[in-house]
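Chains as they are written, first to last, in my numbering: chain A, 8 to 310; chain B, 8 to 310.
Just so it is clear, CB atoms sit at the ideal spot from N, CA and C, and this is done for glycine as well.
Okay, so here's the structure we're looking at.
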DNA sequence: TTTTTATTTTTTTTATACAAAAAACATTCT
DNA sequence: AGAATGTTTTTTGTATAAAAAAAATAAAAA
């Protein structure tokens with residue numbers, strides 16, 4: 008019925024390991040210094056010091072904080088991890104949605120879902136509110152939430168939006184001076200692509216991280232918070248989807264490598280139209296792959 | 008200590024006006040029909056019917072709901088409006104941020120702000136979480152929220168992102184067939200622009216809605232939920248900003264009208280490059296205006 | 001048998017309580 | 001005087017309660 012003392016427990020553990028490195032009789036630094044070091048407030052530092060004093064680890068009198076004995080295993084404090092951090096929630100929820108564990112259009116029960124995902128209800132509520140910005144869920148007219156789901160239409164629009172952002176990046180990139188670090192980065196990526204192409208029969212699983220690195224390198228030349236924001240979601244969705252759809256993986260990856268290499272060459276040529284066309288071709292393939300896997304999955308779900 | 012009965016009160020009022028149109032002795036439709044009509048659940052309908060029965064307005068026995076007397080002024084129920092609807096909160100908050108009533112980088116007190124904006128705290132919390140997606144606020148490392156504010160950098164990146172979306176729309180639009188309704192829409196807008204240009208000295212205030220209509224028409228040719236989502240925010244921010252910065256308004260609007268007309272002509276020519284260039288020129292002006300007003304406002308705030 | 005109503009169960013939304021943590025303020029010691 | 005500590009006040013995050021509303025189920029009437 009109050010907020011958790013996770014922060015206290017974490018600080019306790021951390022300070023314990025600091026004390027373990029000190030000889031008996033040594034003095035600890037001032038409260039404020041400890042607070043800065045542990046990244047917590049002085050109040051929490053004092054709470055930890057009090058606990059240490061109670062445990063007989065410390066003699067604490069005014070500004071004198073003397074180590075009495077070395078900490079033992081018994082002094083350790085259990086860290087409760089009932090709740091997931093926000094990032095983990097995001098990861099799990101997206102996975103849940105993208106794997107079609109639930110049908111599009113089903114109402115979501117906040118209380119139940121919160122339990123299922125091991126977060127307090129208000130955290131889930133907040134999370135859903137954020138997701139609604141990306142159109143995966145929506146608030147129902149008379150309360151509650153609705154899962155809109157990862158439909159074919161959604162995939163199409165996501166792909167198209169991705170294309171808009173990425174083509175913009177390509178158009179910017181092609182005019183960057185030779186001194187810009189992106190060119191070295193592209194050369195390195197080109198080599199990695201050629202390497203993987205040589206051993207694609209065996210290591211086609213290695214493509215996914217390389218794909219992400221490639222697209223990240225291209226889009227990174229646009230320094231814009233809104234672009235970055237969306238790029239994050241796009242990457243996430245494409246990432247999970249790749250992980251999950253294993254059909255034709257080898258063939259698909261081989262084709263993608265060729266397309267990536269073509270883009271790099273076109274970029275080097277300095278011809279904006281050619282570069283944009285090469286990138287557009289790749290994005291079209293990517294979109295088709297996504298749609299094909301969606302269709303086949305829909306058949307599986309029905310059958 | 009429970010949820011408000013606003014929905015009940017609203018339904019009560021609505022049904023009251025329905026009863027007022029009926030003669031004494033008439034029967035009301037079934038509960039489910041009323042629920043559909045009032046857009047509430049049957050439970051709430053029954054609560055209203057019970058209240059009517061208690062007030063002697065209705066004889067309610069089973070499925071017989073007979074009107075006993077015409078409603079009077081006394082029967083009316085006060086609608087409490089302590090809380091703002093979500094949209095209104097969005098409007099007010101953006102206004103508050105864009106008018107620099109608070110400096111960038113200040114911590115936000117959720118409880119106080121919730122009172123100030125007349126919403127329950129958890130609604131504000133959710134709202135802030137949504138706003139953080141657009142980078143206007145951020146969660147602080149150790150709890151609470153931070154107002155990042157509408158800085159010059161933010162304005163630049165917003166303008167650039169707007170340009171990306173709008174140029175994409177222009178590139179799509181220019182290739183649309185003559186049968187597409189956008190062309191008639193543009194012709195109508197062209198006429199409105201010419202009309203306003205003729206009387207700009209007097210009616211320069213009329214430009215703002217015309218500007219919105221123009222940009223909305225252009226971007227509407229791209230049917231993409233992500234684009235639309237962002238367009239909403241962009242429009243909102245530019246809108247409030249226009250409303251608030253009154254310097255050089257006449258001159259600024261006159262120039263914008265010319266630029267809009269140039270864009271329409273370039274679009275008609277079917278030349279993608281020319282159209283994109285005309286649009287880009289206008290977006291550059293727009294960005295400069297936004298930045299100039301930001302700078303001058305910063306000076307005012309300091310002085 | 002279908003429609004409508006009565007009743008019960010869930011779910012959502014708000015309010016409140018309370019401990020944890022942070023921040024602000026006052027005091028003491030060197 | 002300046003740094004460090006002691007104390008008090010705010011603020012935040014979580015749990016719980018309670019009312020309102022919705023949804024589901026059972027019963028009754030046409």
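- Excluding the 5 residues flanking it on each side, residue 20/B has same chain C-beta neighbours closer than 8 Å at 83, 84 and 86, in chain order.
- Proximity of the segment 232-252 of chain B to the segment 164-174 of chain B meets the contact definition, three or more beta-carbon pairs being nearer than 8 Å.
- Note that the C-beta distance between residue 18/A and residue 55/A is below 8 Å.
- Only residues of its own chain outside the window of five on either side were considered, and among them 273 have a CB closer than 8 Å to the CB of residue 284/A, listed in chain order.
- Membership of residue 146/A in the beta strand (DSSP E) is indicated by the continuous run 144-146.
- Judged by DSSP in its simplified three-state form, residue 229/B adopts coil rather than helix or strand.
- Nearest in C-alpha terms to residue 290/A, of all of 26/A, 116/A and 265/A, is 265/A.
- Residue 174/A: member of the alpha helix (DSSP H) spanning 159-180, first to last residue.
- Per the C-alpha coordinates, the member of 205/A, 110/A, 31/A and 226/A positioned closest to residue 181/A is 226/A.
- Taking a contact as a CB-CB distance under 8 Å, the pair residue 115/A and residue 165/A does not count as one, their CB atoms being some 21 Å apart.
- Nearest C-alpha to residue 90/B among 167/B, 159/B and 127/B: 127/B.
- In summary, residue 34/A is exposed, with fewer than 16 beta-carbon neighbours lying within 10 Å of its beta-carbon over all protein chains present.
- Neighbours of residue 168/B across chain A, judged by C-beta separation under 9 Å: 231, 232, 233 and 234.
- In the three-state reduction of the DSSP assignment, residue 89/B falls in the coil class, being assigned neither a helical nor a strand state.
- With distances taken between CA atoms, residue 146/A lies nearest to 132/A out of 158/A, 262/A and 132/A.
- What residue 164/B touches in chain A, judged by beta-carbon distance under 9 Å, is 230, 231, 232, 233 and 234, going in chain order.
- Contact between the segment 295-303 of chain A and the segment 242-258 of chain A is established, with three or more Cβ pairs separated by less than 8 Å.
- Against chain B, the beta carbon of residue 132/A has neighbours under 7 Å at 133, listed in chain order.
- The bridge partners DSSP lists for residue 268/A come to none.
- Non-local C-beta neighbours of residue 51/A in its own chain, meaning closer than 7 Å and more than five positions away in sequence, comprise 14, 15 and 18, ordered along the chain.
- Counting along the chain, the unbroken beta strand (DSSP E) around residue 68/B starts and ends at 65-68.
- The C-alpha of residue 248/A lies about 14 Å from the C-alpha of residue 212/A.
- Residue pairing of residue 154/A in beta bridges, as defined by DSSP: 144/A.
- Taking residue 141/A as reference, the option from 302/A, 287/A, 97/A and 148/A with the minimal CA-CA separation is 97/A.
- In the three-state scheme derived from DSSP, where H, G and I count as helix and E and B as strand, residue 34/A is classed as strand.
- Looking at the backbone, the Cα of residue 186/B and that of residue 192/B are separated by about 12 Å.
- Going by beta carbons, residue 105/A and residue 168/A fall outside the 8 Å limit.
- Cα atoms of residue 63/A and residue 53/A: separation of roughly 15 Å, rounded to the nearest angstrom.
- In summary, the residues of the segment 171-185 of chain A whose CB is separated from some CB of chain B by less than 9 Å are 171, 172, 174 and 175, in the order they occur in the chain.
- If only complete runs of 4 or more residues are kept, the segment 71-131 of chain B shows the alpha helix (DSSP H) at 93-105 and 117-123, in order along the chain.
- Residue burial annotation: residue 196/A is buried, with at least 16 other C-beta atoms found within 10 angstroms of its C-beta.
- A straight-line Cα-Cα distance of about 8 Å links residue 76/B and residue 65/B.
- Contacts with chain B at 8 Å (Cβ-Cβ) do not include residue 151/A.
- Pairing residue 23/A with residue 78/A gives a Cβ-Cβ distance under 8 Å.
- Under the criterion of beta carbons closer than 8 Å, residue 268/B and residue 200/B qualify as touching, at roughly 6 Å.
- Using a CB distance cut-off of 8 Å, residue 140/B counts as an interface residue toward chain A.
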